[in-house]
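Student: Next up is a structure, given as structure tokens.
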Amino acid sequence: MSASPYQFGFIGAGKLAGSVIRGLLLKNFCAPSAILASEPNAETRTQLQNELGISLTTENGEIAAKTEIVFLGVKPQMVLPVLRGLGVALTDKLVVSFAAGIRIAQMEVVTPARIMRVLTNTPSAIGRAASAFASGPRATDQDRQKIRTMFGTIGLVVEVDDDQINAVTALAGSGPAFVYAMIEALARGGEKMGLNKQVSLQLAAQTALGATEMMMTSGKSPEELIKMVVTPGGTTAAGLRVMEERFVAAALADAVEAATKRGQEMARENL
């Protein structure tokens with residue numbers, strides 16, 4: 001039996017934390033009765049309670065007192081103030097931060113808790129997350145296994161060092177937005193060539209889904225899969241040539257770099 005009334009506590013239940021909660025419930029990892037979340041926004045509280053059946057509060061202290069594992073779903077600039085505010089209430093607790101830019105060492109200075117970080121993304125809501133976790137020196141092997149199992153239930157999970165988390169944030173955390181932008185651009189191309197907007201968007205999204213599944217299941221590299229589609233002098237070759245001329249691949253790599261650097265800046269801003 002659990003010593004705490006709830007297994008999982010979420011301080012902040014916005015877009016990302018809400019997606020994680022939805023994924024855990026979708027995959028039957030736990031029951032709604034196992035989750036307690038604190039959320040200042042009344043509309044969000046009502047929505048989560050009605051939609052998911054979890055317990056809600058406005059008091060962060062209640063999360064610390066009543067849950068086994070505390071997840072921080074607050075904005076990066078609020079992480080350290082929240083931890084300071086909870087003080088010794090987090091003694092012997094595992095605290096897992098979702099925030100970009102705030103390193104484990106920074107958090108350990110202000111709290112006695114065992115600290116881990118998880119960087120995940122909003123597709124966790126449908127069990128398709130790309131997640132990475134890093135653990136501080138106080139975290140135990142049991143802590144790491146719990147988090148690996150939990151996030152493995154809602155998608156892919158890998159373990160990385162804390163100094164690699166900013167890159168994970170840029171690639172996996174921000175990555176869905178980059179992919180959505182690419183899908184939107186493909187759909188606009190279809191519209192430009194005369195397709196109905198909705199049809200074009202559906203085709204672009206399904207193409208991205210199919211290509212992703214193909215890569216994940218075939219064991220082939222992206223380069224090999226591209227060669228399977230391209231015919232010399234054909235339509236795909238013509239399109240790829242334009243992408244090369246417009247430096248599309250370089251722009252995407254630069255987007256990941258820019259997001260990574262912003263995460264590093266955020267860490268320095270919170271020293």
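If you're matching positions, the sequence shown starts at 1 in the numbering used here and goes up one per residue. Note that the Cβ used here is the ideal one computed from N, Cα and C, for glycine as well. Every value quoted in this text rests on a predicted model; they were computed, and no experiment measured them.
May I have the straight-line CA-CA distance separating residue 240 from residue 109, to the nearest angstrom?
Tutor: Whole-angstrom Cα-Cα distance: 50 Å.
Student: Does the distance from the C-beta atom of residue 78 to that of residue 96 stay below 7 Å?
Tutor: No.
Student: Can you tell me the Cα-Cα spacing of residue 13 and residue 41, whole angstroms?
Tutor: One C-alpha to the other measures close to 9 Å.
Student: Find the nearest neighbour of residue 82 within the set 237, 246, 107, judged by alpha-carbon distance.
Tutor: The candidate whose alpha carbon is nearest that of residue 82 is 107.
Student: Applying the 10 Å Cβ sphere with the 16-neighbour rule, what's the burial state of residue 228?
Tutor: Exposed.
Student: So the beta strand (DSSP E) residue 72 belongs to, where does it begin and stop?
Tutor: First-last of the beta strand (DSSP E) with residue 72: 67–72.
Student: Identify every run of the alpha helix (DSSP H) within the region 100–186, keeping only runs that are complete inside it and at least 4 residues long; order them along the chain.
Tutor: Qualifying alpha helix (DSSP H) stretches, in chain order: 104–110, 141–153, 165–168.
Student: Could you tell me which of 232, 28, 33, 10 sits nearest to residue 53, measuring between CA atoms?
Tutor: It is 33.
Student: Please classify residue 203: does DSSP put it in a helix, a strand, or coil?
Tutor: In the structure shown, residue 203 sits in a helix (DSSP, three-state: H, G or I).
Student: Between residue 10 and the rest of its own chain, which residues show a CB-CB distance below 6 Å, the 5 nearest in sequence each way excluded?
Tutor: Taken in chain order, the residues that qualify are 17, 37, 71, 73.
Student: What do you reckon, are the CB atoms on residue 64 and residue 94 nearer than 7 Å?
Tutor: No, Cβ-Cβ distance for residue 64 and residue 94 is not below 7 Å.
Student: At which residues does the alpha helix (DSSP H) containing residue 11 begin and terminate?
Tutor: Counting along the chain, residue 11 falls outside any alpha helix (DSSP H), though it belongs to the beta strand (DSSP E) covering 6–11.
Student: Residue 31 by DSSP, collapsed to three states: which one?
Tutor: Of the three classes helix, strand and coil, the one that applies to residue 31 here is coil, per DSSP.
Student: Are the region 120–134 and the region 171–188 touching, with three or more C-beta to C-beta distances below 8 Å?
Tutor: With the cut-off at 8 Å, the region 120–134 and the region 171–188 touch.
Student: In its own chain, which residues sit with a C-beta less than 6 Å from the C-beta of residue 260, not counting the 5 before and 5 after it?
Tutor: These residues qualify, in order along the chain: 166, 167, 170.
Student: Less than 7 Å between the beta carbons of residue 4 and residue 67, yes or no?
Tutor: Their beta carbons are under 7 Å apart, which means residue 4 touches residue 67 by this criterion.
Student: Give a yes or no on whether the C-beta atoms belonging to residue 101 and residue 266 are separated by under 7 Å.
Tutor: Yes, they are a contact pair.
Student: Please go through the same chain and pick out, in chain order, the residues whose beta-carbon is closer than 7 Å to the beta-carbon of residue 1, but skip the five residues on each side of it.
Tutor: Interpretation of residue 1 is limited by its pLDDT of 40, a score under 50 that renders its predicted location unreliable; no figure is taken from the coordinates.
Student: Select from 99, 61, 28 the residue whose C-alpha is nearest the C-alpha of residue 89.
Tutor: Out of 99, 61, 28, 61 has the C-alpha closest to the C-alpha of residue 89.
Student: Mapping DSSP to helix, strand and coil, what is residue 95?
Tutor: Three-state result, residue 95: strand.
Student: What do you reckon, are the CB atoms on residue 125 and residue 22 nearer than 7 Å?
Tutor: A contact, by the Cβ cut-off of 7 Å.
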